[in-house]
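K.L.:
Below are the structure tokens for one structure; questions will follow.
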Amino acid sequence: MRSGTPQANAKELERIAAQTRRLVLETIHHAGAGHIGGPLSVTEILVTLYFREMSIDPQRPRDPDRDRFVLSKGHSAVALYSVMALRGYFPVEELKTFDKLDSRLQAHPDMTVLPGLDMSTGSLGQGISAAVGMALGAKLTGRTYRVYCVIGDGESQEGQVWEAADIASKYRLDNLLVIMDHNRLQQYGWRGDGEKQRLDPVRSPKERWQAFGWHVLETDGHDINKLLESYDEARQMKGKPTIIIAHTVKGKGVSFMENNYVWHAKVPTAEELRLALAEIGQGVEV
Amino acid sequence: MATLQLGPATAMRDVFGQTLLELSRKDPRVYALDGDLGTSTKLDVVESGNPEKFLQMGIAEQNMIGVAAGLATTGLQPWVCSFATFIVKRALDQIFVTVAQPRLDVKFIGAYSGLLTGLTGKTHQGLEDLAIMRTIPHMMVFAPADAADVRKVMEFANRYHGPVYIRLARDPLPNLFDERTHGFEPGKAVLVRDGGDVTLIATGTQTIRSVEAVKRLEERGIDVRLLHMPSIKPIDVQAIVQAAEQTGAVVTAEEHTIYGGLGSAVAEVLAEHRPVPMLRVGVKDRNSESGPNDALLKKYEIDTEHIVQAVETIVRRKGNAR
């Protein structure tokens with residue numbers, strides 16, 4: 578229903594998600610640096626946005642009427658780049674330049690070098706404010722595009738996130754959809770019961786966002802169909818911004834990375850990469 | 025060249041509010057973003073005169089700057105307005121990351137700069153803004169001196185696409201420049217008075233106070249060249265080097281810390297191109313306080329008399345060096 582976007586079905590989207598995970602793992606292994614747990618938790622969110630929900634055209638990345646996307650949790654850039662490459666913004670081969678000098682694929686997104694990025698991010702808590710500005714800009718100029726923004730649960734410890742939440746609500750930005758990648762881990766965080774256990778970075782997110790006047794949805798952030806249903810529901814909401822609290826698993830798809838904060842930013846060895854690719858069903862090149 | 029005649033006093037904030045209202049009427053891209061200080065900064069003039077162009081962002085500077093960045097990506101030109109200290113220090117990373125790095129068309133208005141902020145004291149004065157903003161890539165940094173200057177600087181900022189910081193003062197000061205003939209160009213100094221003994225380079229409010237200093241020095245037989253430097257970044261290298269060559273000594277004057285602002289910028293140019301004896305008049309390494317204007321200027325050693333003394337000192341030093 579969104580113009581300019583292929584209407585891939587859930588099965589195809591799952592296949593694209595698996596490809597994305599492969600590209601994330603290979604890219605980080607190749608670069609020898611970068612984040613991995615967060616990119617794996619945000620995968621289905623990005624795939625459903627770029628292959629179903631957003632009205633975008635990789636050939637016209639500056640179209641004034643395009644939907645906007647801001648990755649406020651900019652350290653998951655490698656997942657965004659992988660999805661953008663698969664979507665046709667640039668060749669998949671270019672992922673090999675990730676993190677390299679002169680690359681368009683900077684460690685954290687740089688809108689001045691890569692067409693298709695709507696905001697430079699990386700310092701947490703800031704992207705959501707820019708997304709609010711984009712949504713407000715659409716209201717002021719009478720444009721009908723929608724603005725999508727992905728934030729992290731750890732990122733939500735930044736006070737600026739709540740400043741942005743307040744203004745989005747005050748200006749009734751129903752053209753704004755924020756998705757929280759709620760993977761329940763941050764880089765280090767607070768120790769839980771056991772040494773490997775960590776506490777949830779943000780307590781009661783649903784109640785908090787409701788208190789700020791937002792329309793709050795919760796869903797399984799790895800379930801393609803449920804994500805798509807949530808996007809549909811968000812689009813129906815008038816007079817309020819919507820947030821989807823997407824429950825996800827950090828390191829999703831790779832058993833030894835899942836729910837382990839150590840894999841926030843850790844480079845897999847060749848053997849770990851082989852095991853990981855086998856687990857996500859991408860052991861053979863596609 | 026301007027004359028040393030000063031006209032009736034105007035408050036920069038009044039000129040700012042009125043000029044932004046006019047720009048908001050002429051230019052559909054222009055929006056005013058307030059951090060809940062509109063009644064102080066006179067941004068309220070925009071809301072009264074053109075309410076659709078006024079956006080209240082509340083007491084949340086970090087988000088205000090991010091929202092401005094987002095608005096700028098949609099082709100609008102947001103003017104973010106707060107006290108200098110709150111914009112520059114409270115939301116510095118936001119300025120770097122979401123505005124300056126992507127070179128977005130956002131204008132920052134640092135109202136209530138310097139020491140004279142209406143008896144509000146240490147937390148509301150802004151003595152480091154020029155120094156900090158000067159380090160930001162792609163940021164233009166301007167400090168106009170009077171009503172005509174504020175207007176010309178704002179008109180330039182409106183025409184220019186990219187981030188600009190404009191430093192404004194709260195209280196009325198006499199006008200120096202003639203609205204009909206005065207112009208502004210980034211990176212260009214304004215020659216207020218030519219002279220051969222020494223060059224006094226001033227910016228913002230200190231340009232006006234320097235006019236009085238130059239008159240007193242004239243009476244004492246010192247022939248001062250007075251340069252007004254409204255553009256701190258880019259800075260007029262040629263005018264500074266020429267002043268050093270032709271007058272052999274330089275004094276700077278700013279309502280700002282001596283670290284990193286106009287004085288430092290001029291010293292950098294002199295050190296690299298034409299070293300001559302130099303003194304900086306500005307606030308030393310100390311915390312400030314609330315108090316009446318004249319008392320503050322005197323205690324923090326930036327009043328007219330301190331400018332006069334600095335010039336006399338450097339002229340003596342230059343003479344001894346010969």
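Same order as they appear, the protein sequences are chains A and B.
FYI, the numbering for the first sequence is 578 to 863, going by the numbering used here.
FYI, the numbering for the second sequence is 25 to 346, going by the numbering used here.
Beta carbons: idealized from backbone N, C-alpha and C, even for Gly.
With a cut-off of 8 Å, do at least 3 Cβ pairs link the region 601 to 608 of chain A to the region 736 to 751 of chain A?
P.N.:
Contact between the region 601 to 608 of chain A and the region 736 to 751 of chain A is absent, because fewer than three Cβ pairs lie under 8 Å.
K.L.:
Taking 6 Å as the limit between beta carbons, can you name the residues of its chain near Leu669(A), skipping five residues before and five after?
P.N.:
Translated into the one-based positions of the first sequence, residue 669(A) becomes position 92. Just to set this straight, residue 669(A) is Val in the shown sequence, not Leu. Within the same chain, Val669(A) has close Cβ partners Ala662.
K.L.:
Check this for me: beta carbons of Lys342(B) and Pro301(B), under 8 Å apart or not?
P.N.:
Indexing the second sequence from 1 puts residue 342(B) at position 318. Indexing the second sequence from 1 puts residue 301(B) at position 277. A contact, by the Cβ cut-off of 8 Å.
K.L.:
Three or more C-beta pairs under 8 Å: does that hold for the region 84 to 100 of chain B against the region 130 to 140 of chain B?
P.N.:
Segments in contact, yes.
K.L.:
Expressed to the nearest angstrom, what Euclidean distance is found between the alpha-carbon atoms of Arg294(B) and Gly284(B)?
P.N.:
Position 270 of the second sequence, counting from 1, holds the residue named residue 294(B). Position 260 of the second sequence, counting from 1, holds the residue named residue 284(B). Note that residue 294(B) is Leu in the sequence shown here, rather than Arg. Taking the straight line joining both Cα atoms gives about 14 Å.
K.L.:
Between the C-alpha atoms of Val275(B) and Glu292(B), what's the straight-line distance to the nearest angstrom?
P.N.:
Indexing the second sequence from 1 puts residue 275(B) at position 251. Indexing the second sequence from 1 puts residue 292(B) at position 268. Taking the straight line joining both Cα atoms gives about 13 Å.
K.L.:
Tell me which residue opens and which closes the alpha helix (DSSP H) that Trp739(A) is part of.
P.N.:
Reading the first sequence from its first residue, position 162 is the one you call residue 739(A). Per DSSP, Trp739(A) belongs to the alpha helix (DSSP H) from 736 to 747.
K.L.:
How far does the alpha helix (DSSP H) with Glu589(A) in it extend, from its first residue to its last?
P.N.:
Here residue 589(A) refers to the residue found at position 12 when the first sequence is read from its first residue. Note, Glu589(A): alpha helix (DSSP H), 587 to 608.
K.L.:
Count the other CB atoms, across all protein chains shown, that sit within 10 Å of the CB of Lys815(A); report buried if there are 16 or more and exposed otherwise.
P.N.:
For the purposes of this step, residue 815(A) is identified with residue 238 of the first sequence, where counting begins at 1. With fewer than 16 Cβ atoms within 10 Å of its Cβ, Lys815(A) is classed as exposed.
K.L.:
Could one say the Cβ of Arg114(B) lies closer than 8 Å to chain A's Cβ atoms, at least one of them?
P.N.:
As a working mapping, residue 114(B) is identified with position 90 in the second sequence. Under the Cβ distance rule, Arg114(B) does not count among the residues neighbouring chain A, no pair being separated by less than 8 Å.
K.L.:
Any C-beta of chain A within less than 8 Å: which residues of the region 123 to 153 of chain B qualify?
P.N.:
Gln125, Pro126, Arg127
K.L.:
In whole angstroms, give me the CA-to-CA distance for Thr97(B) and Lys323(B).
P.N.:
The residue labelled residue 97(B) in the question sits at position 73 within the second sequence. The residue labelled residue 323(B) in the question sits at position 299 within the second sequence. Rounded to the nearest whole angstrom, the CA to CA distance from Thr97(B) to Lys323(B) is 45 Å.
K.L.:
Looking only at its chain, what residues have a beta carbon closer than 6 Å to the beta carbon of Leu47(B), apart from the 5 residues adjacent to it on each side?
P.N.:
Taking the second sequence and counting its residues from 1, the one referred to as residue 47(B) is at position 23. Contacts found: Val54, Asn182.
K.L.:
Chain A partners of Met164(B), CB-CB under 8 Å?
P.N.:
Residue mapping note: residue 164(B) aligns to position 140 of the second sequence, counting from 1. Those do not exist, as Met164(B) stays about 18 Å from chain A at its closest Cβ, beyond 8 Å.
K.L.:
Quick check on Glu740(A) - is its C-beta less than 8 Å from some C-beta in chain B?
P.N.:
Indexing the first sequence from 1 puts residue 740(A) at position 163. So, interface residue.
K.L.:
Compare the Cα-Cα distances from Gln29(B) to each of Arg244(B), Gln101(B), Val216(B) and report the closest residue.
P.N.:
Looking up residue 29(B) in the second sequence gives position 5. The residue with the shortest Cα to Cα distance from Gln29(B) is Val216(B).
K.L.:
Any Cβ of chain A within less than 8 Å of the Cβ of Met81(B)?
P.N.:
Within the second sequence, numbered from 1, the residue matching residue 81(B) stands at position 57. Judged by the 8 Å Cβ criterion, Met81(B) is in contact with chain A.
K.L.:
At the 8 Å Cβ level, is Gly87(B) part of the contact set with chain A, yes or no?
P.N.:
The count along the second sequence starts at 1 and reaches residue 87(B) at position 63. The sequence given here places Asn at residue 87(B); Gly does not occur at that position. Yes, because at least one Cβ of chain A sits closer than 8 Å to the Cβ of Asn87(B).
K.L.:
According to the neighbour-count rule (16 or more other Cβ atoms, all chains shown, within 10 Å of its Cβ), is Gln230(B) buried or exposed?
P.N.:
The count along the second sequence starts at 1 and reaches residue 230(B) at position 206. Buried, since its Cβ has 16 or more Cβ neighbours within 10 Å.
K.L.:
Let me check understanding here. Comparing Cα to Cα, which of Val624(A), Asn760(A), Pro845(A), Ile821(A) lies closest to Arg785(A)?
P.N.:
One-based indexing of the first sequence puts residue 785(A) at position 208. Ranking the options by Cα distance to Arg785(A), first place goes to Ile821(A).
K.L.:
DSSP puts Ala135(B) in a beta bridge; with which residues?
P.N.:
Position 111 of the second sequence, counted from the start, is the residue given in the question as residue 135(B). Ala135(B) is bridged to Phe107(B).
K.L.:
If you scan the region 614 to 679 of chain A from start to end, which runs of the alpha helix (DSSP H) of 4 or more residues do you find wholly inside it?
P.N.:
Residue ranges of uninterrupted alpha helix (DSSP H) with 4 or more members, entirely inside the region 614 to 679 of chain A and ordered along the chain, are 614 to 618, 620 to 625, 654 to 664.
K.L.:
Measure from the alpha carbon of Val655(A) to the alpha carbon of each residue in Arg720(A), Arg637(A), Thr698(A), then state which is nearest.
P.N.:
As a working note, residue 655(A) is residue 78 in the first sequence. Scanning Arg720(A), Arg637(A), Thr698(A) for the CA closest to the CA of Val655(A) turns up Thr698(A).
K.L.:
Excluding the 5 residues preceding and the 5 following Thr796(A) in the sequence, name in chain order all residues of the same chain whose CB lies nearer than 8 Å to its CB.
P.N.:
Position 219 of the first sequence, counted from the start, is the residue given in the question as residue 796(A). Cβ within range, chain order: Lys803, Leu804, Glu806, Ser807, Ile821, Ile822, Ala823, His824.
K.L.:
By a C-beta neighbour count over all protein chains shown, 10 Å radius and 16 as the cutoff for buried, is Thr689(A) buried or exposed?
P.N.:
Residue mapping note: residue 689(A) aligns to position 112 of the first sequence, counting from 1. Counting Cβ neighbours within 10 Å, Thr689(A) comes out exposed, since fewer than 16 surround it.
K.L.:
Keeping to the same chain, check which residues put their C-beta closer than 6 Å to that of Gly82(B); ignore five residues upstream and five downstream.
P.N.:
Counting from 1 along the second sequence, the entry for residue 82(B) is found at position 58. Correct list, in chain order: Asp60.
K.L.:
Taking the alpha helix (DSSP H) that Glu349(B) falls in, what are its first and last residues?
P.N.:
Outside the displayed span of chain B (25 to 346) sits residue 349(B), for which this structure offers no information.
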